[in-house]
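Colleague:
Residue numbers (UniProt numbering): 1 to 325.
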(Lines of atoms letter the chains of each structure in order from A; the text may use other names.)
(Lines give C-alpha, C1' and ligand atoms only; values in the text may rest on other atoms or scores of the structure.)
Protein backbone atom coordinates (compact mmCIF):
# COMPACT_ATOMS: atom_id res chain seq x y z
CA UNK A 1 0.00 0.00 0.00
CA UNK A 2 1.48 3.30 -1.04
CA UNK A 3 1.88 6.16 1.33
CA UNK A 4 -0.81 8.71 1.04
CA UNK A 5 -0.30 10.90 -2.06
CA UNK A 6 3.50 10.51 -2.04
CA UNK A 7 5.67 8.29 -4.08
CA UNK A 8 8.47 6.78 -2.25
CA UNK A 9 11.75 7.78 -3.88
CA UNK A 10 15.04 6.08 -3.34
CA UNK A 11 17.49 8.80 -2.55
CA UNK A 12 20.86 8.54 -4.28
CA UNK A 13 23.86 8.59 -2.03
CA UNK A 14 25.85 11.81 -2.38
CA UNK A 15 29.51 11.22 -3.19
CA UNK A 16 31.70 12.70 -0.56
CA UNK A 17 33.75 15.75 -1.66
CA UNK A 18 37.41 14.98 -1.32
CA UNK A 19 39.64 18.00 -0.90
CA UNK A 20 42.81 17.59 -2.95
CA UNK A 21 45.76 19.71 -1.94
CA UNK A 22 47.72 20.71 -5.03
CA UNK A 23 51.43 19.65 -4.86
CA UNK A 24 54.31 22.02 -5.82
CA UNK A 25 55.23 21.90 -9.57
CA UNK A 26 58.71 20.56 -8.96
CA UNK A 27 59.45 19.93 -12.63
CA UNK A 28 58.67 23.53 -13.52
CA UNK A 29 60.62 24.85 -10.56
CA UNK A 30 63.58 22.64 -11.47
CA UNK A 31 63.54 23.82 -15.07
CA UNK A 32 63.45 27.46 -13.99
CA UNK A 33 66.30 26.87 -11.56
CA UNK A 34 68.42 25.32 -14.31
CA UNK A 35 67.75 28.27 -16.62
CA UNK A 36 68.62 30.75 -13.87
CA UNK A 37 71.81 28.85 -13.08
CA UNK A 38 72.81 28.84 -16.75
CA UNK A 39 72.16 32.56 -17.05
CA UNK A 40 74.20 33.21 -13.92
CA UNK A 41 77.06 31.03 -15.20
CA UNK A 42 77.07 32.81 -18.55
CA UNK A 43 77.09 36.16 -16.79
CA UNK A 44 80.04 35.13 -14.61
CA UNK A 45 82.02 33.88 -17.63
CA UNK A 46 81.28 37.00 -19.71
CA UNK A 47 82.01 39.29 -16.78
CA UNK A 48 85.28 37.49 -16.02
CA UNK A 49 86.39 37.67 -19.64
CA UNK A 50 85.51 41.33 -19.88
CA UNK A 51 87.29 42.04 -16.60
CA UNK A 52 90.39 40.21 -17.86
CA UNK A 53 90.16 42.06 -21.16
CA UNK A 54 89.91 45.39 -19.38
CA UNK A 55 92.84 44.46 -17.17
CA UNK A 56 94.92 43.49 -20.20
CA UNK A 57 94.03 46.76 -21.93
CA UNK A 58 94.98 48.74 -18.85
CA UNK A 59 98.29 46.89 -18.57
CA UNK A 60 99.04 47.45 -22.26
CA UNK A 61 98.13 51.14 -22.33
CA UNK A 62 101.56 52.47 -21.25
CA UNK A 63 103.19 50.49 -24.07
CA UNK A 64 101.01 51.68 -26.94
CA UNK A 65 103.04 54.07 -29.14
CA UNK A 66 101.75 57.56 -29.80
CA UNK A 67 102.98 60.90 -31.09
CA UNK A 68 103.81 61.82 -27.50
CA UNK A 69 105.52 58.50 -26.78
CA UNK A 70 106.91 57.22 -30.05
CA UNK A 71 108.97 54.39 -28.61
CA UNK A 72 107.55 53.13 -25.31
CA UNK A 73 109.90 50.14 -25.46
CA UNK A 74 112.76 52.25 -24.14
CA UNK A 75 111.19 51.89 -20.68
CA UNK A 76 111.38 48.09 -20.76
CA UNK A 77 114.16 46.88 -18.44
CA UNK A 78 116.94 45.04 -20.23
CA UNK A 79 116.01 46.08 -23.77
CA UNK A 80 118.61 46.93 -26.42
CA UNK A 81 117.74 49.98 -28.51
CA UNK A 82 120.17 50.68 -31.32
CA UNK A 83 119.08 54.14 -32.31
CA UNK A 84 120.21 57.70 -31.78
CA UNK A 85 117.94 60.57 -30.79
CA UNK A 86 118.91 64.23 -30.89
CA UNK A 87 117.59 67.00 -28.64
CA UNK A 88 114.96 67.95 -31.23
CA UNK A 89 113.58 64.40 -31.39
CA UNK A 90 115.33 63.32 -34.57
CA UNK A 91 115.63 59.52 -34.71
CA UNK A 92 118.19 57.61 -36.76
CA UNK A 93 119.54 54.08 -36.90
CA UNK A 94 123.13 54.67 -37.95
CA UNK A 95 124.12 51.05 -37.30
CA UNK A 96 121.11 49.55 -39.10
CA UNK A 97 120.67 50.92 -42.60
CA UNK A 98 117.51 49.85 -44.39
CA UNK A 99 116.76 48.92 -48.01
CA UNK A 100 120.08 47.12 -48.57
CA UNK A 101 119.66 43.71 -50.15
CA UNK A 102 121.91 40.68 -50.46
CA UNK A 103 121.36 37.62 -52.61
CA UNK A 104 120.47 34.11 -51.45
CA UNK A 105 124.11 33.00 -51.10
CA UNK A 106 125.48 36.05 -49.30
CA UNK A 107 125.78 36.44 -45.54
CA UNK A 108 125.85 39.60 -43.45
CA UNK A 109 128.27 40.28 -40.60
CA UNK A 110 125.58 41.23 -38.10
CA UNK A 111 126.53 42.72 -34.74
CA UNK A 112 123.90 40.84 -32.72
CA UNK A 113 122.44 37.38 -32.83
CA UNK A 114 119.61 37.07 -33.56
CA UNK A 115 120.15 40.16 -35.71
CA UNK A 116 117.95 43.26 -35.44
CA UNK A 117 118.58 45.18 -38.65
CA UNK A 118 120.92 46.05 -41.47
CA UNK A 119 121.39 44.45 -44.91
CA UNK A 120 119.11 41.50 -45.57
CA UNK A 121 117.87 39.15 -48.27
CA UNK A 122 115.62 40.68 -50.91
CA UNK A 123 113.01 38.03 -50.07
CA UNK A 124 111.38 38.42 -46.70
CA UNK A 125 110.13 35.48 -44.68
CA UNK A 126 106.37 35.16 -44.35
CA UNK A 127 105.50 36.84 -41.06
CA UNK A 128 101.74 36.86 -40.58
CA UNK A 129 101.41 34.60 -37.55
CA UNK A 130 103.81 31.99 -38.90
CA UNK A 131 105.19 29.45 -36.41
CA UNK A 132 108.27 28.01 -38.08
CA UNK A 133 109.21 24.48 -37.13
CA UNK A 134 112.75 24.92 -38.45
CA UNK A 135 115.39 27.58 -37.89
CA UNK A 136 115.31 30.18 -40.68
CA UNK A 137 118.19 32.02 -42.35
CA UNK A 138 118.97 35.29 -40.56
CA UNK A 139 118.98 37.40 -43.70
CA UNK A 140 115.38 36.47 -44.55
CA UNK A 141 114.11 37.07 -41.04
CA UNK A 142 115.72 40.51 -40.76
CA UNK A 143 113.69 41.64 -43.76
CA UNK A 144 110.49 40.98 -41.76
CA UNK A 145 111.67 43.47 -39.14
CA UNK A 146 112.04 46.13 -41.82
CA UNK A 147 108.35 45.56 -42.59
CA UNK A 148 107.32 46.23 -38.99
CA UNK A 149 107.11 42.66 -37.73
CA UNK A 150 108.27 41.24 -34.42
CA UNK A 151 110.37 38.08 -34.59
CA UNK A 152 110.38 35.73 -31.60
CA UNK A 153 113.39 33.40 -31.56
CA UNK A 154 113.79 30.63 -29.02
CA UNK A 155 116.34 27.98 -28.12
CA UNK A 156 114.53 24.60 -27.91
CA UNK A 157 117.22 23.24 -25.60
CA UNK A 158 116.77 26.07 -23.07
CA UNK A 159 113.02 26.66 -23.29
CA UNK A 160 111.03 25.73 -20.16
CA UNK A 161 108.23 23.15 -20.47
CA UNK A 162 105.02 24.81 -21.63
CA UNK A 163 106.71 27.97 -22.87
CA UNK A 164 106.56 26.89 -26.51
CA UNK A 165 102.75 26.76 -26.33
CA UNK A 166 102.68 30.17 -24.65
CA UNK A 167 104.76 31.66 -27.46
CA UNK A 168 102.61 29.99 -30.12
CA UNK A 169 99.57 31.57 -28.48
CA UNK A 170 101.12 35.00 -28.97
CA UNK A 171 101.81 34.37 -32.67
CA UNK A 172 99.15 32.09 -34.14
CA UNK A 173 96.34 34.00 -35.83
CA UNK A 174 98.14 37.33 -35.50
CA UNK A 175 99.70 39.59 -38.13
CA UNK A 176 103.21 41.01 -38.40
CA UNK A 177 104.72 38.53 -35.97
CA UNK A 178 106.46 35.19 -36.39
CA UNK A 179 108.55 32.78 -34.37
CA UNK A 180 111.27 30.27 -35.10
CA UNK A 181 113.80 28.09 -33.28
CA UNK A 182 117.30 29.53 -32.97
CA UNK A 183 119.66 26.76 -31.83
CA UNK A 184 122.62 29.00 -30.95
CA UNK A 185 120.62 31.47 -28.86
CA UNK A 186 122.33 32.17 -25.53
CA UNK A 187 119.01 32.70 -23.73
CA UNK A 188 115.73 30.75 -23.88
CA UNK A 189 113.86 33.52 -25.74
CA UNK A 190 114.82 36.60 -27.73
CA UNK A 191 112.45 39.13 -29.29
CA UNK A 192 113.50 41.33 -32.21
CA UNK A 193 112.08 44.33 -34.00
CA UNK A 194 114.00 46.81 -36.17
CA UNK A 195 116.88 48.09 -34.02
CA UNK A 196 115.46 46.51 -30.84
CA UNK A 197 116.08 43.30 -28.93
CA UNK A 198 114.97 41.78 -25.64
CA UNK A 199 116.17 38.48 -24.22
CA UNK A 200 114.17 36.78 -21.47
CA UNK A 201 114.13 33.53 -19.53
CA UNK A 202 110.40 32.85 -19.61
CA UNK A 203 107.51 33.25 -22.03
CA UNK A 204 105.36 34.47 -19.13
CA UNK A 205 107.70 37.39 -18.45
CA UNK A 206 105.44 40.49 -18.75
CA UNK A 207 108.12 42.21 -20.82
CA UNK A 208 107.33 39.86 -23.71
CA UNK A 209 103.87 41.39 -24.22
CA UNK A 210 105.20 44.86 -23.50
CA UNK A 211 107.77 44.46 -26.30
CA UNK A 212 105.17 43.22 -28.78
CA UNK A 213 102.69 46.00 -27.90
CA UNK A 214 105.33 48.72 -28.12
CA UNK A 215 107.03 47.65 -31.34
CA UNK A 216 104.84 45.55 -33.62
CA UNK A 217 103.84 47.85 -36.49
CA UNK A 218 105.08 50.86 -34.56
CA UNK A 219 105.04 53.46 -37.32
CA UNK A 220 107.66 55.55 -35.54
CA UNK A 221 110.24 52.77 -35.44
CA UNK A 222 110.36 50.52 -38.50
CA UNK A 223 111.59 51.76 -41.89
CA UNK A 224 109.20 50.41 -44.51
CA UNK A 225 105.73 51.73 -43.74
CA UNK A 226 102.99 49.97 -45.67
CA UNK A 227 105.01 46.85 -46.48
CA UNK A 228 103.32 43.47 -46.21
CA UNK A 229 104.08 40.29 -44.30
CA UNK A 230 102.37 38.12 -46.91
CA UNK A 231 104.86 36.11 -48.91
CA UNK A 232 103.15 33.29 -50.83
CA UNK A 233 106.37 32.21 -52.55
CA UNK A 234 108.22 31.65 -49.26
CA UNK A 235 108.27 27.99 -48.22
CA UNK A 236 107.29 28.06 -44.56
CA UNK A 237 107.69 24.28 -44.22
CA UNK A 238 111.19 24.24 -45.69
CA UNK A 239 112.54 27.79 -45.43
CA UNK A 240 116.10 28.83 -46.30
CA UNK A 241 118.22 27.07 -43.72
CA UNK A 242 119.79 28.76 -40.71
CA UNK A 243 123.58 28.62 -40.84
CA UNK A 244 125.21 28.56 -37.39
CA UNK A 245 128.78 28.70 -38.69
CA UNK A 246 130.86 31.88 -38.23
CA UNK A 247 130.69 34.50 -40.97
CA UNK A 248 133.66 34.47 -43.28
CA UNK A 249 135.83 37.27 -44.58
CA UNK A 250 133.51 37.56 -47.58
CA UNK A 251 130.48 38.49 -45.44
CA UNK A 252 128.73 41.73 -46.29
CA UNK A 253 129.58 44.35 -43.62
CA UNK A 254 126.77 45.63 -41.43
CA UNK A 255 127.28 49.06 -42.96
CA UNK A 256 126.21 47.63 -46.31
CA UNK A 257 129.33 49.01 -48.01
CA UNK A 258 129.23 48.12 -51.68
CA UNK A 259 125.47 47.52 -51.78
CA UNK A 260 122.99 49.70 -53.64
CA UNK A 261 119.93 51.05 -51.84
CA UNK A 262 116.79 49.36 -53.12
CA UNK A 263 114.90 52.58 -53.81
CA UNK A 264 112.32 50.74 -55.89
CA UNK A 265 111.20 48.83 -52.80
CA UNK A 266 110.76 51.73 -50.44
CA UNK A 267 110.70 55.46 -50.93
CA UNK A 268 112.21 57.64 -48.25
CA UNK A 269 113.43 54.72 -46.16
CA UNK A 270 115.88 55.27 -43.36
CA UNK A 271 119.40 54.76 -44.61
CA UNK A 272 121.16 55.52 -41.38
CA UNK A 273 122.82 58.91 -41.55
CA UNK A 274 121.09 60.04 -44.73
CA UNK A 275 118.34 62.61 -44.54
CA UNK A 276 114.81 61.35 -45.06
CA UNK A 277 111.41 60.62 -43.59
CA UNK A 278 111.38 57.51 -41.43
CA UNK A 279 108.21 56.12 -39.97
CA UNK A 280 106.62 59.55 -39.64
CA UNK A 281 109.67 60.97 -37.84
CA UNK A 282 111.79 63.54 -39.65
CA UNK A 283 115.41 62.45 -39.72
CA UNK A 284 118.53 64.24 -40.78
CA UNK A 285 122.26 63.79 -41.06
CA UNK A 286 123.89 63.09 -37.74
CA UNK A 287 127.35 62.30 -36.56
CA UNK A 288 126.12 60.64 -33.39
CA UNK A 289 126.63 56.92 -32.86
CA UNK A 290 123.81 54.63 -31.85
CA UNK A 291 123.15 54.32 -28.17
CA UNK A 292 124.30 50.84 -27.22
CA UNK A 293 124.18 48.61 -24.17
CA UNK A 294 127.17 47.27 -22.37
CA UNK A 295 128.09 44.10 -24.23
CA UNK A 296 130.85 41.57 -24.16
CA UNK A 297 132.56 41.12 -27.47
CA UNK A 298 131.25 37.99 -29.05
CA UNK A 299 128.21 37.67 -26.80
CA UNK A 300 125.74 39.99 -28.51
CA UNK A 301 123.86 40.04 -25.21
CA UNK A 302 122.41 43.24 -23.87
CA UNK A 303 123.05 44.37 -20.33
CA UNK A 304 120.44 44.24 -17.63
CA UNK A 305 119.69 47.95 -17.55
CA UNK A 306 117.32 49.49 -20.07
CA UNK A 307 119.08 51.11 -23.00
CA UNK A 308 117.54 54.42 -23.95
CA UNK A 309 118.40 56.87 -26.71
CA UNK A 310 120.86 59.62 -25.89
CA UNK A 311 119.45 63.09 -25.37
CA UNK A 312 121.97 64.77 -27.62
CA UNK A 313 123.50 63.61 -30.86
CA UNK A 314 126.97 62.26 -30.45
CA UNK A 315 126.60 61.18 -26.83
CA UNK A 316 126.01 57.53 -27.55
CA UNK A 317 128.72 54.90 -27.22
CA UNK A 318 129.42 52.63 -30.17
CA UNK A 319 128.56 49.00 -29.57
CA UNK A 320 131.23 46.38 -29.24
CA UNK A 321 131.34 44.19 -32.32
CA UNK A 322 130.89 40.51 -31.51
CA UNK A 323 132.53 37.72 -33.42
CA UNK A 324 130.67 37.22 -36.69
CA UNK A 325 128.53 34.15 -37.02
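The beta-carbon is built from N, C-alpha and C at its ideal position, and this holds for glycine as well. Remember, predicted model here, so these are calculated numbers, not experimental data.
According to DSSP, is residue 238 helix, strand or coil?
Modeller: Along the chain shown, read from residue 1 onward, the residue named residue 238 stands at position 238. Coil, per DSSP.
Colleague: Quick one: Cα of residue 121 to Cα of residue 73, how far?
Modeller: In the chain shown, counting from the first residue as 1, residue 121 sits at position 121. In the chain shown, counting from the first residue as 1, residue 73 sits at position 73. Spanning the two alpha carbons is a distance of roughly 27 Å.
Colleague: According to DSSP, what are the bridge partners of residue 261?
Modeller: As a first step, residue 261 must be located in the chain shown, where it is residue number 261. Per DSSP, 100.
Colleague: Quick one: what's residue 121 bridged to in DSSP?
Modeller: Here the question's residue 121 lines up with position 121 in the chain shown. Residue 121 pairs with 102.
Colleague: Determine, using beta carbons only, whether residue 213 and residue 60 come nearer to each other than 8 Å.
Modeller: Taking the chain shown and counting its residues from 1, the one referred to as residue 213 is at position 213. Taking the chain shown and counting its residues from 1, the one referred to as residue 60 is at position 60. Less than 8 Å separates the beta-carbon of residue 213 from that of residue 60.
Colleague: Where does residue 140 sit, in a helix, a strand or coil, going by DSSP?
Modeller: By 1-based counting over the chain shown, the position of residue 140 is 140. In this structure, residue 140 counts as helix in the three-state DSSP scheme.
Colleague: Taking one C-beta from the stretch 242 to 252 and one from the stretch 159 to 169 each time, how about it: are there three or more such pairs within less than 8 Å?
Modeller: The stretch 242 to 252 vs the stretch 159 to 169: no contact.
Colleague: Residues in the same chain with beta-carbon distance under 7 Å from residue 62, minus the five sequence neighbours each way, listed in chain order, please.
Modeller: In the chain shown, the residue the question calls residue 62 occupies position 62. Around residue 62: 72.
Colleague: Considering only residues of the same chain and omitting the five flanking positions on each side of residue 262, which have a CB-CB separation below 6 Å?
Modeller: If you number the chain shown from 1, residue 262 lands on position 262. Taken in chain order, the residues that qualify are 99 and 101.
Colleague: From residue 135 to residue 70, what distance separates their C-alpha atoms?
Modeller: As a first step, residue 135 must be located in the chain shown, where it is residue number 135. As a first step, residue 70 must be located in the chain shown, where it is residue number 70. Cα-Cα distance, rounded: 32 Å.
Colleague: Give the C-beta separation of residue 215 and residue 208 to the nearest angstrom, bearing in mind that I take them to be a contact with Cβ-Cβ under 8 Å.
Modeller: What you label residue 215 is simply residue 215 of the chain shown in a count that begins at 1. What you label residue 208 is simply residue 208 of the chain shown in a count that begins at 1. Contact flag wrong, Cβ pair sits at about 11 Å.
Colleague: Going by other Cβ atoms of all chains shown within 10 Å of its Cβ, with 16 needed for buried, is residue 203 buried or exposed?
Modeller: Locating residue 203 in the chain shown gives position 203, counting from the first residue. Buried, since its Cβ has 16 or more Cβ neighbours within 10 Å.
Colleague: Tell whether a beta-carbon distance below 8 Å holds between residue 140 and residue 176.
Modeller: Residue numbering aside, residue 140 sits at position 140 when the chain shown is read from its first letter. Residue numbering aside, residue 176 sits at position 176 when the chain shown is read from its first letter. The answer is no: Cβ separation not under 8 Å.
Colleague: From 82, 210 and 97, pick the residue whose C-alpha is nearest to that of residue 403; which is it?
Modeller: In the structure as shown, the chain begins at 1 and stops at 325. Residue 403 is therefore absent and cannot be evaluated.
Colleague: Taking buried to mean at least 16 other C-beta atoms within 10 Å of its own C-beta, is residue 184 buried or exposed?
Modeller: For the purposes of this step, residue 184 is taken as residue 184 along the chain shown, with counting starting at 1. By the neighbour-count rule (16 or more Cβ atoms within 10 Å), residue 184 is not buried but exposed.
Colleague: In angstroms, rounded to a whole number, what distance separates the CA positions of residue 107 and residue 232?
Modeller: Taking the first residue of the chain shown as 1, we reach residue 107 at position 107. Taking the first residue of the chain shown as 1, we reach residue 232 at position 232. Distance between the alpha carbons of residue 107 and residue 232 is about 23 Å.
Colleague: In its own chain, which residues sit with a C-beta less than 6 Å from the C-beta of residue 132, not counting the 5 before and 5 after it?
Modeller: Here residue 132 refers to the residue found at position 132 of the chain shown. The residues are 180.
Colleague: What are the complete beta strand (DSSP E) segments, minimum 3 residues, inside the stretch 140 to 226?
Modeller: 150 to 154, 177 to 181, 189 to 193 and 196 to 200
Colleague: If residue 137 sits next to residue 235, beta carbons under 8 Å apart, how far is it from one beta carbon to the other, in whole angstroms?
Modeller: Mapped onto the chain shown, residue 137 falls at position 137. Mapped onto the chain shown, residue 235 falls at position 235. Contact between residue 137 and residue 235 is absent: CB atoms are separated by about 12 Å, not below the 8 Å threshold.
Colleague: According to DSSP, is residue 129 helix, strand or coil?
Modeller: Position 129 of the chain shown, counted from the start, is the residue given in the question as residue 129. The answer is strand: DSSP assigns residue 129 an E or B state.
Colleague: Does the pairing of the stretch 80 to 90 with the stretch 146 to 161 give three or more beta-carbon distances under 8 Å?
Modeller: no
Colleague: If you check the beta carbons only, do residue 190 and residue 130 fall under 8 Å apart?
Modeller: Taking the chain shown and counting its residues from 1, one reaches residue 190 at position 190. Taking the chain shown and counting its residues from 1, one reaches residue 130 at position 130. It is not a contact, given that the beta carbons lie outside the stated cut-off.
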